[in-house]
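Chains A and B are the protein sequences, given in the same order. Each residue of the first sequence is one higher than the one before, counting from -7 in my numbering. Each residue of the second sequence is one higher than the one before, counting from -7 in my numbering. Contents: one structure, followed by commentary.
2 protein chains.
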Amino acid sequence: MTLAPQANRLAFRSFDEAVAALRERGMRLSTARRLALEALFAAERPVSAEWIAERLKIELTSVYRNLEALERNGIVRHVHLGHGPGLYLLVGEGEREYLYCERCGSAQALEPEQLDPVREQIRERFGHRARFTHFPIVGTCAACQVAGGA
Amino acid sequence: MTLAPQANRLAFRSFDEAVAALRERGMRLSTARRLALEALFAAERPVSAEWIAERLKIELTSVYRNLEALERNGIVRHVHLGHGPGLYLLVGEGEREYLYCERCGSAQALEPEQLDPVREQIRERFGHRARFTHFPIVGTCAACQVAGGA
DNA sequence: TACCAATCGTGAATCGTTTGCAGTAGCCAT
DNA sequence: ATGGCTACTGCAAACGATTCACGATTGGTA
């Protein structure tokens, strides 16, 4: 029941760089894989496997297999906001972390540095090195606090 | 895809108090439900629906139904540590929050106050009111940092 | 003690994800 | 270019976690 292993982090911002990274790992660039990668670049937000499969007419199975392979190789990762399917995104787009509002379902993406002070505090108090990349910080967003009163 | 609604929090520490809370909500105390509640009190840690069903020889379906009803009524809640099934626990035992180590799979329970400064900091910076009751704070525990070097 | 809704057990459906298998197609080396 | 090795594909079926539909029970109340 361990979470996704922490593959060495890559950094790329273009499709070509992602392909290069993939090649370095000895992976092939099949049609399905290319399409999936392109879709992830186009999406610019975490998307589900099903979203990719439907939109590209690729077998869902194949999408999962590709996402898993890409994740194993540190090119892709996934997050769980709320319940529902895991959402995939490119590692190269940054190690963004999320604030998820359980009231309205919105997710606010943060650059890692923004949470560093929080991380620091947790580390000091509990010795635990925290990452909010896999699960978001769940709670109530500012707007919903005003709206709902809680 | 919203998370479990925030039912009004109850506070009880004994089985009888839990039953009283349940009665107040117009719920019956069926055999299966009583057994499930007793099991939760006995467990003193988050447990899966399957764990309860197996140990008590209650239909898994019934366990899920009861946990869901109890959760809707604010008597029980569940957490997701890592992947795997949701883990249920009594709300009355406190709003404990968890630090989960993705390396060794251990979970450290914290009393809510212990995380209040962290919460405060998040609130100041992002306006977000954070709760770590549904998803834990994932990362690397102190022991694993020493052992593994990362 | 009889009633009626809440709850039960059984079984089947659903959702998200993984696996097995036989065929196909990237990539590399001639 | 051509051929071969093997990573990959689609299809189908299995999977774990959870939910739903049903008619049979049973807990609480009158």
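The C-beta atom is built at its ideal place from N, Cα and C for all residues, glycine as well. Predicted model only: the values in this text are computed from it and were never measured.
In the DSSP assignment, C136/A falls within the alpha helix (DSSP H) that extends over 134 to 140. DSSP places E51/A in the coil class of the three-state scheme, outside both helix and strand. Of all residues in the segment 109 to 122 of chain A, only P109, V110, Q113, I114, F118, G119, H120, R121, A122 come within less than 7 Å of chain B when Cβ atoms are compared, listed by chain position.
In the displayed model, G18/A falls within coil according to three-state DSSP, outside both helix and strand. The C-alpha of V55/A is placed about 13 Å away from the C-alpha of G78/A. Nearest to G66/A by C-alpha distance, out of G76/A, A122/A, R15/A, is R15/A.
R111/B: not part of any beta strand (DSSP E); member of the alpha helix (DSSP H) spanning 104 to 118, first to last residue. Y80/A has V39/A, H70/A as its beta-bridge partners, per DSSP. Around the beta carbon of R121/A, 16 or more other beta carbons lie within 10 angstroms, which makes this residue buried. Beyond the five residues adjoining it in sequence on each side, F4/A comes within less than 7 Å, by CB distance, of A10, A13, G84 in the same chain, given in chain order. Around A134/A, the beta-carbon contacts reaching into chain B at under 7 Å are G119, H120.
Residue pairing by DSSP places I129/A opposite L91/A in a beta bridge.
One finds H120, R121, A122, R123 in chain B with Cβ atoms closer than 7 Å to the Cβ of G131/A, taken in chain order. At least one CB atom of chain A sits nearer than 8 Å to the CB of L91/B. Straight through space, the alpha carbons of P38/B and E87/B are spaced by roughly 12 Å. Taking C-beta separations shorter than 7 Å and ignoring five residues to either side along the sequence, the partners of N58/B in its chain run A24, R25, A28, following chain order. At a cut-off of 8 Å, the C-beta of H70/B has no neighbouring C-beta in chain A. Counting along the chain, R121/B sits inside the beta strand (DSSP E) bounded by residues 121 to 123. Pairwise C-beta distances place the segment 99 to 112 of chain B out of contact with the segment 90 to 106 of chain A, as fewer than three of them are shorter than 8 Å.
Contact between A45/B and M19/B is absent: CB atoms are separated by about 19 Å, not below the 8 Å threshold. Taking the Cβ atoms as the reference, F7/A lies roughly 13 Å from E36/A, outside the contact range of under 8 Å.
Between Q113/B and S40/B, the alpha-carbon positions lie close to 33 Å from each other. Within the same chain, Cβ atoms closer than 8 Å to the Cβ of T132/A are found at C93, E94, R95, G140, A142, the five residues on either side in sequence being excluded. The Cβ atoms of Y80/A and P128/A lie no closer than 8 Å to each other.
The beta carbons of H126/A and V130/B sit closer together than 8 Å. Listed in chain order, the non-local C-beta contacts of E51/A below 8 Å within the same chain comprise A24, A45, local neighbours out to five positions each way being set aside. Shown here is that no member of the segment 5 to 18 of chain A has a Cβ falling below 8 Å from a Cβ of chain B. Looking at the DSSP output, A101/A bridges to Y90/A. For R5/A, the secondary structure class from DSSP, reduced to helix, strand or coil, is coil.
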